[in-house]
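Participant: Can you keep this structure in mind? I'll have questions shortly.
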Amino acid sequence: MDNVTTAGHAPVGAHAHGTHAHADHHEQSFVTKWIFSQDHKVIGIQYTITALLFLLFGFGLMALMRYQLAFPMQPIPVIGSLLGAANAPGGIMLPEFYNQLGAMHGTIMVFLGVVPLAVGGFGNYVMPLMIGAPDMAFPKLNMASYWVYFVGGVVMLASFFIPGGAAQSGWTSYPPLSVITATEGQTWWLVGMVFLITSSLLGSMNFIVTIVQLRAKGLGWFRLPFFVWAQFVTSFLLLLAFPPLEAAGVLQLMDKVAGTSFFLPSGLVVGNRALEVSGGGNALLWQHLFWFLAHPEVYVLILPAMGIVAEIIANNTRKPLWGYRVLIYAIIFLGFMSFIVWAHHMFMTGMGTAMAAFFQTTTMIISIPSVVILTALVISLWGGSIRFNTPMLFALGFLPMFGIGGLTGLPLGLNVADIPLHDTYYVIAHFHYVVAPGTIFALFAGVYYWFPKATGRKMNETLGKIHFAGSFVCMNVIFMPMFLLGLAGVSRRLFDAGAAYDFAQPTLHWNVVSSWGAWILAIFQIPFIFNFFWSIWKGEKVGDNPWEATTIEWAAPSPPPHGNFTVAPEAYRGPYEYSVPGAAKDFSPQYEAS
Amino acid sequence: MEIPYTVELRRDTGLNNGKIGIWLFLASEVMLFGALFASYILIRTGAPSWPRGDTILDVPLATFNTIVLIGSSVTMVMAWASLMRRRFGTYRIYMGATILLGFVFLVVKYFEYTHKFHDGLFPSSNNFLAIYFTLTGLHMLHVFGGMVVNAYFWGPGAKLWKTNPAWFTNRVEHSGLFWHFVDLVWIFLFPTLYLL
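Quick note, the sequences are listed as chains A and B, same order. If you're matching positions, the first sequence starts at -8 in our numbering and goes up one per residue. If you're matching positions, the second sequence starts at 219 in our numbering and goes up one per residue.
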């Protein structure tokens, strides 16, 4: 053993840093093994479980909102009385509370649910295994990343219980509204965001270094699984796009706390009184800074999902991915372009036609690599002997759902078509098709697919198929009607779904359909939750490579021990060598010398 | 289990992990301050009038602080160079000087701030001061953070020198890269806020 020591896992007798010296021994206590763990697999599981809980919580917020939208101003049965008189007197939801639910649903789903699951969970658990690394490059930073995320989540949750409740200016927190709202929820939101941004910064640095430095011998850049490429590009987006939001968050925090006017224009009148601030600020500045993050963030939501789907499709069609290199070029181009499309969220702000024309053009260009990726994944199915297991069903479900979500985005990216559609339910339907039945289906696929690696057991197939079929139908029942609402011109911000407006009357019944879809979707998550916990202890025991896959994570024992591999793996070929003519079996793993 | 390439260089990249990590971190810092400078430009160009920095702020004091911070960058390099020459005693002196100069910077800044507050100039007074306090405040946080890391490597962290001098030298180098970045931010802040 040479004397190169590593953070936290130094050989006994080479305790480099005193405070963590006790973590070096192999018999780890419960606390160092499961709570303050530096093992990427444990951190990945911590991220996964925390993020799944946040997804469930965010879903719960939405289920409440759906009642208000389906049956405006009627008391919510059972749960209504638990919400407190400040939020729902007599069980009838107040508009302020509805706004809190809306703002926090978005924030929690994006920043505490989907991204931590896709990047913190799957990225952490699977990526180092896939590249044949013993761990992440910086295990302590990895641990810090999780705990900073955890604190951010606690701050966000706690904000519901302060006087006046949580933030209520939408997940976008547009000023001046967010700044002039009298309650403190927005301040908590900003503080929580600073924690979440820090967490993602620590994580993304770690991911990039790990992928660059810790690839196994023989694993060149064009032998990396597409999932790793997706995580690589995603990490760059997180690394470079989040800091401007952190800057914006600091500026808005100054506006809230120190009374500055970064986002407050001169002559602002609130409640018939001139606001006592120095003025001279620029509300559009926030939107630019926010969307400079939040558009790359959209790709942070979708790229890891594409990575998961690509792995599962290659595995279950038993043939190589179609256009592997093209996929990689497309995802790099996509990552680059995602930095110069942000203002297509701002066509209606009056920022000027020249700007609009530029961002409309870049938006049309960025749709090309997205279509390339989707097309390559669809063509990959051609001629395959497809195994319709649960992960594959979710991966297949992803393709049309992402397709619908993506294609309905085109009218929003065109300056003129966006004018009638902006801020209507059409937008909600569009991005939920991308994220909910799109990304979240891919994430479910990933849970079913890598569960055997993490536990040594498979999840139950029958329950999985019930989960898939129910979720697939319900997702469409929820979101398809929203396209109609949007085309009819119903604004997404209305707390009564438009009940007060004549023009919206013929559309109101669709909200009932949509809401029932959401509540039944909740019921169809029960098989998943049961399956998840039941399978940890009672699932069918399987070997190290139950899916007969080719990538390196399947070379490790299931579950992999601390340090991952019993012998350092080596890559001898590309990632998707399925059904190689003349080979003895229909898969030729990367890690097996021929 | 060991993480490879914490000290030795990976052949195909020619780098160790920490070096890439710190540069990635600095890239994100560039985006952070870049966004703040961009905000400054947007707010200033949209303002009907904007004071010249030297009519409100104390240029001689800031010039002094600029020299202090550049000096601390020099001592930081000397600290690292001492380690490269395996002179741990000189390292401690130079690293101590770096921390001390950082401290001098903060003290001067403290007097600047309190002087402004005495004159009734607060972040809420106008957007020039709002930008001034936010940018320099955030920069001060970075100076403080750098000092904490440097103090760790001056004191308890220096134990690593005995067991793994090469790794310790790398860590000081990476800490130095951050320190130079903080210095560089100030070199942009000084003309932007005080002179223009």
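The beta carbon of each residue, even a glycine, is placed where N, CA and C say it ideally should be.
Rounded to whole angstroms, what's the CA-CA distance from residue 42/A to residue 331/B? Just pull it up for me.
Facilitator: For the purposes of this step, residue 42/A is taken as the residue at position 51 of the first sequence. For the purposes of this step, residue 331/B is taken as the residue at position 113 of the second sequence. Between residue 42/A and residue 331/B, the C-alpha separation is close to 42 Å.
Participant: Given that a residue counts as buried once 16 or more other Cβ atoms are within 10 Å of its Cβ, and exposed if not, what is residue 273/B?
Facilitator: As a working mapping, residue 273/B is identified with position 55 in the second sequence. Residue 273/B comes out exposed.
Participant: Residue 532/A bridges to which residues according to DSSP?
Facilitator: Residue numbering aside, residue 532/A sits at position 541 when the first sequence is read from its first letter. DSSP, once it has assigned bridges, lists 448/A as partnering residue 532/A.
Participant: What is the residue span of the alpha helix (DSSP H) that residue 357/B lies within?
Facilitator: The sequence position of residue 357/B within the second sequence is 139, counting from 1. Element bounds for residue 357/B: 345 to 372.
Participant: Classify residue 450/B as helix, strand or coil using the three-state DSSP reduction.
Facilitator: As shown, chain B starts at 219 and ends at 414. That puts residue 450/B outside it, with no answer to give.
Participant: Which residues mark the beginning and the end of the alpha helix (DSSP H) in which residue 247/B is found?
Facilitator: Position 29 of the second sequence holds residue 247/B. Counting along the chain, the alpha helix (DSSP H) containing residue 247/B begins and ends at 235 to 264.
Participant: Going by C-alpha to C-alpha distance, which of 366/A, 374/A, 254/A and 380/A sits closest to residue 397/A?
Facilitator: As a position in the first sequence, residue 397/A is number 406, starting the count at 1. Considering only alpha carbons, the answer is 366/A.
Participant: Give the secondary structure of residue 285/A by DSSP, where H, G and I count as helix, E and B as strand, and everything else as coil.
Facilitator: One-based indexing of the first sequence puts residue 285/A at position 294. DSSP places residue 285/A in helix when its eight states are reduced to three.
Participant: Distance cutoff 7 Å, beta carbons only. Does residue 635/A sit that close to anything in chain B?
Facilitator: Past the boundaries of the shown model lies residue 635/A; chain A is included only from -8 to 585, so the question cannot be answered.
Participant: Can you name the start and end residues of the alpha helix (DSSP H) that residue 393/A belongs to?
Facilitator: Translated into positions along the first sequence, residue 393/A becomes position 402. From DSSP, the alpha helix (DSSP H) with residue 393/A extends over 381 to 398.
Participant: Buried or exposed: residue 405/B, going by 16 or more other Cβ atoms within 10 Å of its Cβ?
Facilitator: On the second sequence, residue 405/B is found 187 positions in, with the first residue counted as 1. Answer is exposed; the Cβ neighbour count stays below 16.
Participant: Around the C-beta of residue 285/B, are 16 or more other C-beta atoms found within 10 angstroms, so that it is buried, or is it exposed?
Facilitator: In the second sequence, the residue the question calls residue 285/B occupies position 67. Exposed, since its Cβ has fewer than 16 Cβ neighbours within 10 Å.
Participant: Give me the chain A residues within the contact set of residue 264/B, using Cβ-Cβ distance strictly less than 7 Å, ordered along the chain.
Facilitator: Mapped onto the second sequence, residue 264/B falls at position 46. The answer, in chain order, is 273.
Participant: How is residue 568/A classed by DSSP in three states: helix, strand or coil?
Facilitator: Taking the first residue of the first sequence as 1, we reach residue 568/A at position 577. Residue state, collapsed to three classes: coil.
Participant: For a contact defined as C-beta to C-beta under 7 Å, what are the partners of residue 246/B on chain A?
Facilitator: As a position in the second sequence, residue 246/B is number 28, starting the count at 1. Neighbours of residue 246/B on chain A, chain order: 192, 230, 231 and 234.
Participant: Among 526/A, 489/A, 488/A and 76/A, whose alpha-carbon lies nearest the alpha-carbon of residue 438/A?
Facilitator: As a first step, residue 438/A is located in the first sequence; it is residue number 447 there, counting from the start. Measuring from the Cα of residue 438/A, the nearest candidate turns out to be 526/A.
Participant: Please confirm whether residue 561/A and residue 541/A have their CB atoms less than 7 Å apart.
Facilitator: Taking the first residue of the first sequence as 1, we reach residue 561/A at position 570. Taking the first residue of the first sequence as 1, we reach residue 541/A at position 550. No.
Participant: Taking all protein chains shown into account, decide if residue 379/A is buried (16 or more other Cβ within 10 angstroms of its Cβ) or exposed.
Facilitator: In the first sequence, residue 379/A corresponds to position 388, counting from 1. By the neighbour-count rule (16 or more Cβ atoms within 10 Å), residue 379/A is not buried but exposed.
Participant: Considering only residues of the same chain and omitting the five flanking positions on each side of residue 309/B, which have a CB-CB separation below 7 Å?
Facilitator: Along the second sequence, one-based indexing puts residue 309/B at 91. Within the same chain, residue 309/B has close Cβ partners 297, 300 and 301.
Participant: At 7 Å on the CB atoms, spell out the chain B contacts of residue 339/A, in chain order.
Facilitator: Within the first sequence, the letter at position 348 stands for residue 339/A. The contacting residues do not exist; residue 339/A stays about 19 Å from chain B at best.
Participant: Give, in chain order, every residue of the region 105 to 126 of chain A whose Cβ lies closer than 9 Å to some Cβ of chain B.
Facilitator: 124, 125 and 126
Participant: Note down, in chain order, every chain B residue with its Cβ under 8 Å from the Cβ of residue 269/A.
Facilitator: Taking the first sequence and counting its residues from 1, the one referred to as residue 269/A is at position 278. What residue 269/A touches in chain B: 342, 343, 344, 345 and 348.
Participant: How far does the alpha helix (DSSP H) with residue 380/B in it reach, from first residue to last?
Facilitator: The residue labelled residue 380/B in the question sits at position 162 within the second sequence. Taken as a continuous stretch (DSSP letters only), the alpha helix (DSSP H) holding residue 380/B covers 378 to 381.
Participant: At least one CB of chain B closer than 7 Å to the CB of residue 15/A: is that the case?
Facilitator: As a working note, residue 15/A is residue 24 in the first sequence. Since pLDDT at residue 15/A reaches only 44, below the 50 mark, its modelled position is unreliable, and the value read off the structure follows with that caveat. For residue 15/A, the answer is no, since every Cβ of chain B falls outside 7 Å of its Cβ.
Participant: Could you have a look at residue 173/A and say whether DSSP puts it in helix, strand or coil?
Facilitator: Walking along the first sequence from the start, residue 173/A turns up at place 182. Residue 173/A falls in the coil class under three-state DSSP.
Participant: Taking just the CA atoms, how far does residue 57/A sit from residue 212/A?
Facilitator: For the purposes of this step, residue 212/A is identified with residue 221 of the first sequence, where counting begins at 1. For the purposes of this step, residue 57/A is identified with residue 66 of the first sequence, where counting begins at 1. C-alpha separation (whole angstroms): 46 Å.
Participant: For the region 221 to 232 of chain B, which residues have a beta carbon sitting closer than 9 Å to at least one beta carbon of chain A?
Facilitator: 221, 222, 223, 224, 225, 226, 228, 230 and 231
Participant: Figure out for me which residue from 409/A, 168/A, 108/A and 457/A has the closest Cα to the Cα of residue 354/A.
Facilitator: The residue labelled residue 354/A in the question sits at position 363 within the first sequence. Comparing Cα positions, the closest option is 409/A.
Participant: Report the rounded CA-to-CA distance for residue 335/A versus residue 414/A, giving the unit in angstroms.
Facilitator: Within the first sequence, residue 335/A is the residue found at index 344, counting from 1. Within the first sequence, residue 414/A is the residue found at index 423, counting from 1. Using only the alpha carbons, I get a separation of about 13 Å.
Participant: Going along the chain, which residues of the region 275 to 293 of chain A sit with their C-beta nearer than 7 Å to a C-beta in chain B?
Facilitator: 276 and 280
Participant: Considering only residues of the same chain and omitting the five flanking positions on each side of residue 582/A, which have a CB-CB separation below 6 Å?
Facilitator: In the first sequence, the residue the question calls residue 582/A occupies position 591. Closer than 6 Å at Cβ, skipping near neighbours: 543, 546 and 560.
Participant: Could you check if residue 39/A is buried or exposed, using at least 16 other CB atoms within 10 Å of its CB as the buried criterion?
Facilitator: As a position in the first sequence, residue 39/A is number 48, starting the count at 1. Residue 39/A is buried by the Cβ-count criterion.
Participant: So, residue 242/B versus residue 196/A, is the Cβ gap smaller than 7 Å?
Facilitator: For this step, residue 242/B is matched to residue 24 along the second sequence. For this step, residue 196/A is matched to residue 205 along the first sequence. Yes.
Participant: Return no unless some Cβ of chain A is closer than 7 Å to the Cβ of residue 235/B.
Facilitator: Indexing the second sequence from 1 puts residue 235/B at position 17. True, the Cβ-Cβ gap to chain A drops below 7 Å.
Participant: Counting only Cβ pairs nearer than 8 Å, list the residues of chain B close to residue 196/A.
Facilitator: Numbered from its first residue, the first sequence carries residue 196/A at position 205. In chain order: 239, 242, 243 and 246.
Participant: For residue 12/A, which of helix, strand or coil comes out of DSSP?
Facilitator: One-based indexing of the first sequence puts residue 12/A at position 21. Per-residue confidence for residue 12/A stands at a pLDDT of 39, beneath the threshold of 50, marking its modelled position as unreliable; the derived number appears in the next sentence. The answer is helix: DSSP assigns residue 12/A an H, G or I state.
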